[in-house]
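Just so you know, our numbering puts 267 at position 259 of the sequence shown, and the rest follows in order with no gaps. Don't be surprised by glycine CBs; every beta carbon is placed ideally from N, CA and C. Note that the coordinates shown come from a computational prediction; the quantities given were computed from them, not determined experimentally.
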Amino acid sequence: RFYQLSTIWRNLRTRFYQLSTMWRNLKTRFYQLSTMWHMMMSKNRFKLISISAIFVLSVIYLLPIFQSPATSRAFSRSTNNCLVSFGEYNGPKYKSPGQTIGEGKCLVESKWMRVMQHTVNLGSDAKNLIDDWLFVDYHDRINVLVQAPHTSTMDGPHFLVFKQSKYALEGRDSLAVIGGIIEPGEDPETAARREVSEEMDGLVCDTLEFLGRYRTDVNRGIGWVNGFLAKDCESSAVGDRGDKDEHRNGADEVGKPDTERQDLVSISLGELRKNAREGKFLEVQWSNTVALALIRY
């Protein structure tokens, strides 16, 4: 958590440094314009030409500053008046009943998440008032462990999991279950069925067993994870790629297809237990979903 907070602090310092750099550039531009103004105004016959020239030069000098991507992002504002915004966050927004005081201050946001500064009352004593409680609002998600369609060559149940890399896994490979964002307007089961179809080329599962809803971090939030075990699955050519592309083009879509390497593998129940014991599912929500599913076998 301290590492995450220090990263946020470094990002904020970088933004302030960019703003101070832009301010220095603006002062330099205005100084140059002022110098040219005094030079031109020294000759009365060039007054009209000077005014026109200054206007043109102002546009040429100042427009590149305000067109730069860093400036646009730093000065962008959402309807929530975040200090820094990379896009408006439209996911769940949390306040603890009886503990969160006021609306809080939005520090940074994107369409994925927002970092809030809450004022929190942990007791009746004023000494228990904390005014710098950082909280992360994040979209709720689903995790699905899929039992593979049965074939005559299978000895007992098999499961479909991914072997993949992820940005925060220190360059390591991990086994993973299906995961995804619950898009605006979706319920968890609908999101789970959609993700299974998208990630496994139209696979349709008749049974989805709900494994529970779990908070990612009990103090800092980061959304809720809804776990599912998918059974009685079969491949379907109807509604896979076409529906997937139609959904992916939606204006309100938050989740994006994985750009990292991802290989689909089928493992037996015994292999699933062994990999879970050995910590092969490196993300805590993946290992939680697998452990909850294994209880049912």
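Exercise. What residue ranges within the region 119-187 form continuous beta strand (DSSP E) runs of no fewer than 3 residues, ordered along the chain?
Worked result: Listed in chain order, the complete beta strand (DSSP E) runs (minimum 3 residues) inside the region 119-187 are 121-129, 137-146, 149-155, 166-173 and 181-184.
Problem set entry | Within-8 Å CB hit, T215 to chain D | Any reference to chain D falls outside this structure, which holds one protein chain only.
For this session: List the whole-angstrom C-beta distance separating V154 from C213, where the pair is believed to meet the contact cut-off of C-beta under 8 Å.
Result: Taking a contact as a CB-CB distance under 8 Å, the pair V154 and C213 counts as one, their CB atoms being some 7 Å apart.
Exercise. Under the DSSP definition of a beta bridge, which residues are partnered with S93?
Worked result: Looking at the DSSP output, S93 shares a beta bridge with E117.
Problem set entry | 6 Å Cβ shell around S84 - same chain, five flanking residues per side excluded | Below a pLDDT of 50, predicted positions are generally treated as unreliable, and S84, at 47, falls in that range; the measurement from the model is reported next regardless. Contacts found: S93.
Exercise. Quick one: what's got a C-beta closer than 6 Å to I138's C-beta in the same chain, skipping five residues either side?
Worked result: Sequence-distant Cβ neighbours of I138 in its own chain, meaning closer than 6 Å and more than five residues away, are V128.
Exercise. Any chance the region 102-118 sits against the region 199-213, with 3 or more Cβ pairs inside 8 Å?
Worked result: Cβ pair count under 8 Å is below three, so no.
Problem set entry | Cβ-Cβ distance between R149 and G95 below 8 Å | At the C-beta level, R149 and G95 stay beyond 8 Å of one another.
Exercise. Out of curiosity, what's the CA-to-CA distance linking A82 and L216?
Worked result: Per-residue confidence for A82 stands at a pLDDT of 47, beneath the threshold of 50, marking its modelled position as unreliable; the derived number appears in the next sentence. Near 44 Å, if we compare the C-alpha coordinates of L216 and A82.
Problem set entry | With 16 other Cβ atoms within 10 Å as the buried cut-off, status of K135 | Burial is judged here by how many other beta carbons sit within 10 angstroms of a residue's own beta carbon; K135 has fewer than 16 and is exposed.
Problem set entry | Cβ-based burial, S160 [other Cβ within 10 Å; buried from 16] | With fewer than 16 Cβ atoms within 10 Å of its Cβ, S160 is classed as exposed.
Exercise. In whole angstroms, what separates the C-alpha of G220 from that of A301?
Worked result: Cα to Cα, G220 sits roughly 10 Å from A301.
For this session: Using 10 angstroms around the beta-carbon of P100, count the other beta-carbons present and answer buried if the total reaches 16, otherwise exposed.
Result: Exposed.
Problem set entry | Residue from A284, H158 and T43 with nearest C-alpha to A238 | Selected option, being the one with the closest Cα: H158.
Exercise. Which residue or residues does DSSP assign as beta-bridge partners of I275?
Worked result: F167.
For this session: Pull up the distance between the alpha-carbon of L277 and that of T297, whole angstroms please.
Result: Their Cα atoms are separated by approximately 14 Å.
Exercise. Sorted by chain position, which residues of the same chain lie with C-beta nearer than 6 Å to N234's C-beta, five sequence neighbours on each side aside?
Worked result: Taken in chain order, the residues that qualify are I150, P196 and R221.
Exercise. Apart from the five residues just before and just after F10, which ones in its own chain have a Cβ nearer than 8 Å to its Cβ?
Worked result: Once the five neighbours on either side are set aside, F10 has no close Cβ partner at all.
Exercise. So, helix, strand or coil for I303, using DSSP?
Worked result: Residue state, collapsed to three classes: coil.
Problem set entry | S243: first and last residue of the uninterrupted beta strand (DSSP E) it sits in | From DSSP, the beta strand (DSSP E) with S243 extends over G229 to S243.
Exercise. Does the region 169-176 come close enough to the region 31-46 that 3 or more CB-CB pairs lie under 8 Å?
Worked result: No: fewer than three Cβ pairs fall under 8 Å.
Exercise. Which stretch, first to last residue, makes up the beta strand (DSSP E) that contains R223?
Worked result: First-last of the beta strand (DSSP E) with R223: L211 to D225.
Exercise. Within 10 angstroms of its Cβ, does L13 collect 16 or more other Cβ (buried), or is it exposed?
Worked result: Here L13 is exposed, its C-beta having fewer than 16 other C-beta atoms within 10 Å.
Problem set entry | Opening and closing residue of the alpha helix (DSSP H) in which V204 lies | Unbroken alpha helix (DSSP H) run through V204: P196 to E207.
For this session: Report the option in L177, V169, Y97 and R122 whose CA atom is closest to the CA atom of V185.
Result: That would be V169, whose Cα lies nearest to the Cα of V185.
Exercise. Considering only C-alpha positions, which residue in the set R23, S28, R18 and S295 is nearest to S182?
Worked result: With respect to the C-alpha of S182, the residue from R23, S28, R18 and S295 having the closest C-alpha is S295.
For this session: Alpha carbon to alpha carbon, how far is E286 from G229? Give it in angstroms, no decimals.
Result: Rounded to whole angstroms, the separation of the alpha carbons of E286 and G229 is 28 Å.
Problem set entry | Residues bridged to T108 [DSSP beta-bridge criterion] | Paired residue(s): V128.
Problem set entry | CB of V144 within 8 Å of CB of E191, strictly | 8 Å or more divides the Cβ of V144 from the Cβ of E191.
Problem set entry | I190 in three-state terms, based on DSSP | Note: I190 maps to coil in three-state DSSP.
Problem set entry | Proximal residues to M121 (C-beta, below 7 Å), its chain only, five neighbours per side dropped | Answer for M121: Y97, V144, D145 and Y146, listed in chain order.
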